[in-house]
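See structure below.
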Amino acid sequence: MSTMWSLRKSSVVVAANLVACGLVACGQAFSLGGNDAGTSNDDALSPDDTGADVTTTRYCDSQMLARVAFCDDFDDRTSGRGLWNSENVSSAASLTIDSTTYVSAGHSLMAKAGASQNAAFSYNLPLGNKDQITIDFAIKIDKSVVATSSMRFASIAALSSADSFRLDIVKEASGVYSLRLIVSGAVTDSSELKGMDALESGWHRLTWVVKAPTFTPGFTAGRVEVKLEDETKGDLALTSASPNTLADVFRNGLRLNLGIVIPAGKSEAEVHYDNVTVIGS
-1 MSTMWSLRKS
9 SVVVAANLVA
19 CGLVACGQAF
29 SLGGNDAGTS
39 NDDALSPDDT
49 GADVTTTRYC
59 DSQMLARVAF
69 CDDFDDRTSG
79 RGLWNSENVS
89 SAASLTIDST
99 TYVSAGHSLM
109 AKAGASQNAA
119 FSYNLPLGNK
129 DQITIDFAIK
139 IDKSVVATSS
149 MRFASIAALS
159 SADSFRLDIV
169 KEASGVYSLR
179 LIVSGAVTDS
189 SELKGMDALE
199 SGWHRLTWVV
209 KAPTFTPGFT
219 AGRVEVKLED
229 ETKGDLALTS
239 ASPNTLADVF
249 RNGLRLNLGI
259 VIPAGKSEAE
269 VHYDNVTVIG
279 S
């Protein structure tokens, strides 16, 4: 394959095989949107069927054979950021480990914020010699009130400066969900994510695929794709960013931000996340 993330040639495993094992066929432990606490999974054994000698395997434990670079099912703690590199939480916002609703028992992450507030965990993505990186997570939007400008639920940003290069999944004031590209602090391209209003009714699985730009022997800009329950809802070629910008960003690193970022106005949101997985290939 061509030279990618670190601008060096590498031998990689085909991404589709990794995704099929780690994220689709044996991935998220729900089929119809997951469970609230106290309910059973359709695919799981009932308490009467399990037997006394059966132990429960954590979701993240089941993902290790798929060479997952990062996994957080929030089930190993009742507070704290765990393996995430950092957090950004405004004084009036919150990030909590919640036991009232989840996909894999018995916790999820609850992000809550209002106008001009942030509530997000950040993870430095493992670039190396990667042709593609796949981010997969369960999301349940409990409240989403967007008053004046777009509300951000997830982003992939340049490690050195978020304003220099950033990909956002947002809900616009019009109610439309979009994938946006920000370069040098300005929106340079966007793509509507159709059918994403389903996120506001129960648990759903969101998959975010970033195909890195290539630089030798020829330049290609790279591409980003967003899927809901394995169905593509929108994609975006990184053509509005210059080759120099892309080379700098993908060489120096990217950061995943997951939670809520809300601009000024009267907006507010409450969102649950579970089973966050990152695979590089």
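Per this note's numbering, the sequence shown runs over residues -1 to 279. Even for Gly, the Cβ is constructed at its ideal location relative to N, Cα and C.
Nonlocal neighbours in the same chain, by C-beta distance under 6 angstroms from residue i, ignoring five residues either side
i: V87; result: L93 and A117
i: K225; result: T205
i: R164; result: S153, A155 and I180
i: P124; result: A67 and G278
i: V207; result: T132 and E223
Which listed residue (the options) has its alpha carbon closest to that of residue i
i: N250; options: D96, H270 and N242; result: N242
i: V269; options: Y175, T212, D246 and K141; result: K141
i: S188; options: E223, A210, V101 and G200; result: E223
i: S240; options: R253, V259, A219 and S158; result: A219
i: A160; options: L252, C58 and G257; result: L252
i: K209; options: T55, A171, F119 and N127; result: N127
i: D246; options: S162, V276 and G112; result: S162
Local Cβ density within 10 Å of residue i, reported as buried at 16 or more and exposed below that
i: G278; result: buried
i: T214; result: exposed
i: T146; result: exposed
i: S89; result: exposed
i: S102; result: buried
i: G216; result: exposed
i: T37; result: Only weak support exists for where T37 lies, its pLDDT of 38 falling under 50; the value from the coordinates is given anyway. So T37 ends up on the exposed side.
Beta-bridge pairing of residue i - partner residues as DSSP gives them
i: R150; result: V168 and V259
i: D272; result: A136
i: C69; result: T275
i: T94; result: M108
i: R253; result: N122 and A155
i: A113; result: DSSP lists no partner for A113.
Sequence-distant residues of the same chain with beta carbon closer than 7 angstroms to residue i, five excluded per side
i: E198; result: I139 and S142
i: G193; result: L226 and K231
i: R75; result: I95
Which full runs of the beta strand (DSSP E) of 3+ residues lie inside the region 182 to 229, going along the chain? 184 to 190, 202 to 209 and 221 to 226
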